[in-house]
Amino acid sequence: MRAYLTTIIEGGTESFDLEIVEAASGFEALKTLPHHKFDAILTDINMPDINGLELVSFLKNHPVHRSIPIMVISTESREEDRKRAAALGAEEYLVKPFQAKDLIEKLRRLLKVA
Amino acid sequence: MPPMSKEDDRARDEFTGEAEELLDTLSRDLVELESQGRKVRPEVINKIFREVHSLKGLAGMLGFGEISELSHSLEDMLDRLRMGKIEITKDLIDLLYDAVDSLNRLVIGINDPTMGGLVDITGLTRRIHQLTTSQPRRAHEDPFAELTLDEQTKKSLTEYEEHRLLENVKGRKHILAVEVRFDFSDFDEKLRALTATLGEAGEVISTLPAIDSSGGAGIAFRLLYGSTLQEDAVAALVPEGQVVSLRKAKSPASGAREVIAVEVPEEDLSLRSISQTVRVDISKLDHVMNIVGELIIEKTQLDSLTRSLHQGEALQQARLTAHELTKIARNFDRKLNELQKSVIETRMVPVGQIYSKLSRTVRKVARELNKEIELVLRGEDTELDKVMVEELTDPLMHIIRNALDHGIESAEERARKGKNPIGKVTLNAYQQGNSVVLDVTDDGRGIDPELVRKSAVKRNLIAQHDPFDQQRAYEMLFTPGFSTAAAVSEISGRGVGLDVVKKNLQDLKGSIDILSVPGEGATFRIMLPITLAIIQALIVRAAGEQFAIPLTSVEESLRIYSRDIRTVERREVFTLRDFTLPLLRLADAFHLDGHRDETPDSKWFVVVTRSGEKVAGILVDELVRQQEVVIKSIGERLKTIPGIAGATEVGEGEIVLVIDVGTLIDQFGGKAREARAAVLA
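The listed protein sequences derive, respectively, from chains A and B.
Here our numbering is used: the first residue of the first sequence is 1, the next is one more, and so on.
Here our numbering is used: the first residue of the second sequence is 1, the next is one more, and so on.
Below is the structure:
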């Protein structure tokens, strides 16, 4: 899944210079944070260690990371989860399954690139 | 059908690799689900759900329609299952197996089209649909009504976590917030360890990370935890953290706690129609175990029959029969092992069952002795045969009382010595191979060999100038009628000494040893076999008889000649590498005839046996074979002979005696080797 996302993003964002950092779990995501200056974060809701909502909650309450825009990716059947992501401050929400162009479009919006 | 460009070839390979891996773990998790049924931990179901979810996502993205379709409906069903909307039934588990089997075929079918065609997706999805919709949706219930839960945590719960919280609330679990702070460098390890610990007595429902408010470079976490344990018990598990109960207090006047405690069983009954555990009379289990034992004997006969067929000057046909028999015996063996294992497992209980009893005793005794004691209990999940756990309570209690009474000094004395005035007693249980070890460690005055010697001389147990060393001192403590305490106190009592403790443990085929550094403390180490019922044994021949030596007591066996045997201080010994190994002959130990004519070239086998820290070599004529034996008790008359644990049948009705290495070594002498004294470090 991650590899696939990476492939789509790399394919769709060739025009601007994007470095992608992958994290396999919520903990990995937390661990990688201090080592980069991220312009956007994409997260699933269902993941090992900590869930995507908890990650959003952490980021949006963090003095340094709160300004990083976040896109939450999750399944259609989870309306409630989607509302919560928004309430916690996630900027975008992408429903699985999705089209590659939707992902790229939302990502461009998130990164504020035309 | 997925498109087939070159780029897609790579994607396809990646997909099949990842999908096969997923299906592999999925199958293993299904086995766990099946074996535990309704008792299964919710995490297992959630994990299965996630695996199917990942597979669905993967297949959907890459355009493998059938796999995506099947895993999608499977995911729906699993989602309902984890949300408690449908129940675990045999049908459901069968269906899961069928579906995973079909998914496997579909994945293989990507590269081998002859396989994929065999899958009936429509039939499967119909079955899944039927099962998914068979049970009505439950009304939404509010899990937060009885809780004081902060908004941030509430908002960060996924629907699934909210459901788990509700289940815990309804199950009358204690709902607690556990707040911890870790260094950023290793928080993941620490938190996983903590989650595992907490998981043993409950369920970690969610894990909310937060900024380290202490201003340090760490990270904080707020765990939502549902547990059978109360606030203070959890606090003891998480000494570095803060634990807060989230249940709103009931009406102020009520003695709410007691009332809840009484209500619990009823609540549980009404919530679950089918009980998750069965109470079984231990005698019934004994009976099943006996059947297993008899099966093992039958099997041994099958083996020996096969052997004789193999060896016979038989026709080709007989050899083939022998070959077939071997195969049957092997399968028989496998099944038997399975049966044995599962029966043994039903007999197993965690030693933690007696921990609460022990900590009550410690509190009481400490109060009586006017000593402040910290009791640390570890390894409560270590499992042991139920019968043994019960038999273990008294000896453990005795050792712990001794530690409090004789080991731990008074607060003043401790302060004088620069020790923490609060004495510490640790009980640690852990498994080591086929044994369970229980260490009772105190940080008291330790065992001073000189004091022991003086006391022994005073009691005429030894003469003034008898050779004496640390090992001898430890042995002395287990001698009947020995006590070093200047005044025999109420606590340790007078009638029962450590000799009785040792005897009790030996009856359980266990051993006890002491490790001590004078002035720093002592460890009493109890070793017990996990179960008594069936053991692996080495069958040997000595003095014309066969004997069974439990394999757990055997360190190694080697071949020597009579000329290698030396006599030192009237004892036969053999130099094993750089260690002088005392030897014993079964003919002498059991007063048997059958001494053979010995020349310097006579060959012997030495079976090096260990009991606790002591080793000795048993001289035998022949190593016959290794096999499982069922120990049967023997008549009262033979019971009194030291060195015999019981009898067993080794096929064709031949009865052999099972050697009790512990008492044999005690009676006829062994020698300490490699005393592991590092425990106190």
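From the three backbone atoms N, C-alpha and C, an ideal C-beta is built for every residue, glycine too.
Note that the structure is predicted; figures quoted are calculated from it, not measured.
Rounded distance between the beta-carbons of D385 of chain B and I530 of chain B, thought under 8 angstroms:
Translated into positions along the second sequence, residue 530 of chain B becomes position 530. Translated into positions along the second sequence, residue 385 of chain B becomes position 385. The Cβ separation is near 7 angstroms, so the contact holds.
What residues from chain A crowd round L208 of chain B, counting only those whose CB sits closer than 7 angstroms?
The residue labelled residue 208 of chain B in the question sits at position 208 within the second sequence. Neighbours of L208 of chain B across chain A, judged by C-beta separation under 7 angstroms: E54 and S57.
Straight-line gap, L237 of chain B to V243 of chain B (C-alpha atoms, nearest Å)
Residue mapping note: residue 237 of chain B aligns to position 237 of the second sequence, counting from 1. Residue mapping note: residue 243 of chain B aligns to position 243 of the second sequence, counting from 1. Roughly 10 angstroms between the two C-alpha positions.
I'd like to check one pair, R525 of chain B with D439 of chain B: are the Cβ atoms closer than 7 angstroms?
Residue 439 of chain B sits at position 439 when you count from the first residue of the second sequence. Residue 525 of chain B sits at position 525 when you count from the first residue of the second sequence. In contact: D439 of chain B and R525 of chain B (Cβ atoms closer than 7 angstroms).
Can you look up I104 of chain A in the DSSP assignment and give me helix, strand or coil?
On the first sequence, residue 104 of chain A is found 104 positions in, with the first residue counted as 1. Three-state DSSP puts I104 of chain A in a helix.
Checking 7 angstroms against the spacing of the C-beta atoms, do R38 of chain B and I88 of chain B come in under that value?
In the second sequence, residue 38 of chain B corresponds to position 38, counting from 1. In the second sequence, residue 88 of chain B corresponds to position 88, counting from 1. Taking 7 angstroms as the Cβ cut-off, R38 of chain B and I88 of chain B qualify as a contacting pair.
Supposed contact pair I291 of chain B and L358 of chain B - C-beta distance, whole angstroms, cut 8 angstroms
Locating residue 358 of chain B in the second sequence gives position 358, counting from the first residue. Locating residue 291 of chain B in the second sequence gives position 291, counting from the first residue. That pair is no contact at about 35 angstroms.
Kindly indicate if chain B contains any beta-carbon less than 7 angstroms away from that of L107 of chain A.
Here the question's residue 107 of chain A lines up with position 107 in the first sequence. No, its Cβ sits nowhere closer than 7 angstroms to a Cβ of chain B.
Can you have a look at T6 of chain A and say buried or exposed, based on whether 16 or more other CB atoms are within 10 angstroms of its CB?
The count along the first sequence starts at 1 and reaches residue 6 of chain A at position 6. That one is exposed.
If the cut is a Cβ gap below 7 angstroms, which residues of chain A does R414 of chain B touch?
Taking the first residue of the second sequence as position 1, residue 414 of chain B is located at position 414. Neighbours of R414 of chain B on chain A: none; closest Cβ ~43 angstroms, over 7 angstroms.
How many Å lie between D286 of chain B and Q36 of chain B at the Cα?
Position 286 of the second sequence, counted from the start, is the residue given in the question as residue 286 of chain B. Position 36 of the second sequence, counted from the start, is the residue given in the question as residue 36 of chain B. If I take the Cα positions, the gap works out to 23 angstroms.
Just to confirm before moving on: does the CB-CB distance between A40 of chain A and L111 of chain A stay below 7 angstroms?
Counted from its first residue, the first sequence places residue 40 of chain A at position 40. Counted from its first residue, the first sequence places residue 111 of chain A at position 111. Contact: yes.
Spatial neighbours of E490 of chain B within its chain, please: CB distance less than 8 angstroms, with the 5 preceding and 5 following residues excluded, ordered by chain position.
Here residue 490 of chain B is taken as the residue at index 490 of the second sequence, counted from 1. Any answer about E490 of chain B is weak, because its pLDDT of 42 lies below 50 and its placement is not dependable; what the coordinates show is given next. Contacts found: E368.
Note down, in chain order, every chain A residue with its Cβ under 8 angstroms from the Cβ of K85 of chain B.
In the second sequence, residue 85 of chain B corresponds to position 85, counting from 1. Residues of chain A passing the Cβ test: none, with the nearest at roughly 13 angstroms.
Provide the residue span of the alpha helix (DSSP H) that contains P42 of chain B, from first to last.
Translated into positions along the second sequence, residue 42 of chain B becomes position 42. First-last of the alpha helix (DSSP H) with P42 of chain B: P42 to L62.
Whole angstroms is fine: what's the gap from E159 of chain B's alpha carbon to D81 of chain A's?
Counting from one through the second sequence, the residue named residue 159 of chain B turns up at place 159. Counting from one through the first sequence, the residue named residue 81 of chain A turns up at place 81. In a straight line, the C-alpha of E159 of chain B is about 6 angstroms away from that of D81 of chain A.
Going straight from the alpha carbon of H35 of chain A to that of E105 of chain A, what length do you get?
The residue labelled residue 35 of chain A in the question sits at position 35 within the first sequence. The residue labelled residue 105 of chain A in the question sits at position 105 within the first sequence. Whole-angstrom Cα-Cα distance: 27 angstroms.
Counting only C-beta atoms, is E115 of chain A closer than 7 angstroms to chain B at any point?
A query on residue 115 of chain A cannot be resolved here, the shown segment of chain A reaching from 1 to 114 and no further.
Identify the continuous alpha helix (DSSP H) that holds F683 of chain B and give its terminal residues.
Here chain B comprises residues numbered 1 to 681, so residue 683 of chain B is not present and cannot be evaluated.
By the DSSP assignment, the alpha helix (DSSP H) with H398 of chain B in it spans what residues?
The residue given as residue 398 of chain B occupies position 398 in the second sequence. Counting along the chain, the alpha helix (DSSP H) containing H398 of chain B begins and ends at K386 to N402.
Return no unless some Cβ of chain A is closer than 7 angstroms to the Cβ of S156 of chain B.
The residue labelled residue 156 of chain B in the question sits at position 156 within the second sequence. Yes, its Cβ sits closer than 7 angstroms to a Cβ of chain A.
Report the rounded CA-to-CA distance for V573 of chain B versus T609 of chain B, giving the unit in angstroms.
As a working note, residue 573 of chain B is residue 573 in the second sequence. As a working note, residue 609 of chain B is residue 609 in the second sequence. Distance between the alpha carbons of V573 of chain B and T609 of chain B: 14 angstroms.
Nearest-angstrom Cα distance between L223 of chain B and Y97 of chain B?
The residue labelled residue 223 of chain B in the question sits at position 223 within the second sequence. The residue labelled residue 97 of chain B in the question sits at position 97 within the second sequence. Whole-angstrom Cα-Cα distance: 34 angstroms.
What are the residues that DSSP puts in a beta bridge with S213 of chain B?
Walking along the second sequence from the start, residue 213 of chain B turns up at place 213. DSSP, once it has assigned bridges, lists no residue as partnering S213 of chain B.
Quick one: residues in its chain with C-beta nearer than 7 angstroms to the C-beta of K56 of chain B, no 5 flanking neighbours on either side, listed in chain order?
Taking the second sequence and counting its residues from 1, the one referred to as residue 56 of chain B is at position 56. S68, S71, H72 and E75, listed in sequence order.
Helix, strand or coil: how does DSSP classify D439 of chain B here?
The residue given as residue 439 of chain B occupies position 439 in the second sequence. Here D439 of chain B sits in strand by DSSP.
With DSSP as the reference, label R371 of chain B as helix, strand or coil.
Mapped onto the second sequence, residue 371 of chain B falls at position 371. Note that residue 371 of chain B is Lys in the sequence shown here, rather than Arg. Looking at K371 of chain B - three-state DSSP - the assignment turns out to be coil, as it is neither helix nor strand.
Taking contact to mean at least 3 C-beta pairs separated by less than 8 angstroms, is the region 579-588 of chain B in contact with the region 618-628 of chain B?
yes
Can you pull the chain A residues whose beta carbon is under 7 angstroms from the beta carbon of G60 of chain B, in chain order?
Position 60 of the second sequence, counted from the first residue, corresponds to residue 60 of chain B. Near G60 of chain B (Cβ distances below 7 angstroms), the residues of chain A are P97.
Compute the beta-carbon to beta-carbon distance between K248 of chain B and E146 of chain B, rounded to the nearest angstrom, for a pair I have assumed lies under 8 angstroms.
Residue 248 of chain B sits at position 248 when you count from the first residue of the second sequence. Residue 146 of chain B sits at position 146 when you count from the first residue of the second sequence. Yes, K248 of chain B and E146 of chain B are in contact; Cβ-Cβ is about 6 angstroms, under 8 angstroms.
Determine which residues of the region 187-207 of chain B have a Cβ less than 7 angstroms from any Cβ of chain A, and write them out in chain order.
Listed in sequence order: D188, S206 and T207.
At a CB-CB cut-off below 7 angstroms, which residues of chain A make contact with E159 of chain B?
To locate residue 159 of chain B, count along the second sequence from 1; it is residue 159. R78, E80 and D81, listed in chain order.
Determine whether the Cβ of I514 of chain B lies closer than 7 angstroms to any Cβ atom of chain A.
For the purposes of this step, residue 514 of chain B is identified with residue 514 of the second sequence, where counting begins at 1. With 7 angstroms as the cut-off, I514 of chain B does not count as an interface residue toward chain A.
Own chain, CB closer than 7 angstroms to I560 of chain B, minus 5 neighbours either side, in chain order
Against the second sequence, residue 560 of chain B aligns to sequence position 560. Only F574, W604 and V606 meet the Cβ criterion.
Hey, would you say I50 of chain A sits closer than 7 angstroms to T207 of chain B, going by beta carbons?
Against the first sequence, residue 50 of chain A aligns to sequence position 50. Against the second sequence, residue 207 of chain B aligns to sequence position 207. In this structure, T207 of chain B lies closer than 7 angstroms to I50 of chain A by Cβ.
C-alpha gap between V558 of chain B and N111 of chain B, whole angstroms:
Taking the first residue of the second sequence as position 1, residue 558 of chain B is located at position 558. Taking the first residue of the second sequence as position 1, residue 111 of chain B is located at position 111. According to the sequence shown, residue 558 of chain B is Leu rather than Val. In a straight line, the C-alpha of L558 of chain B is about 55 angstroms away from that of N111 of chain B.
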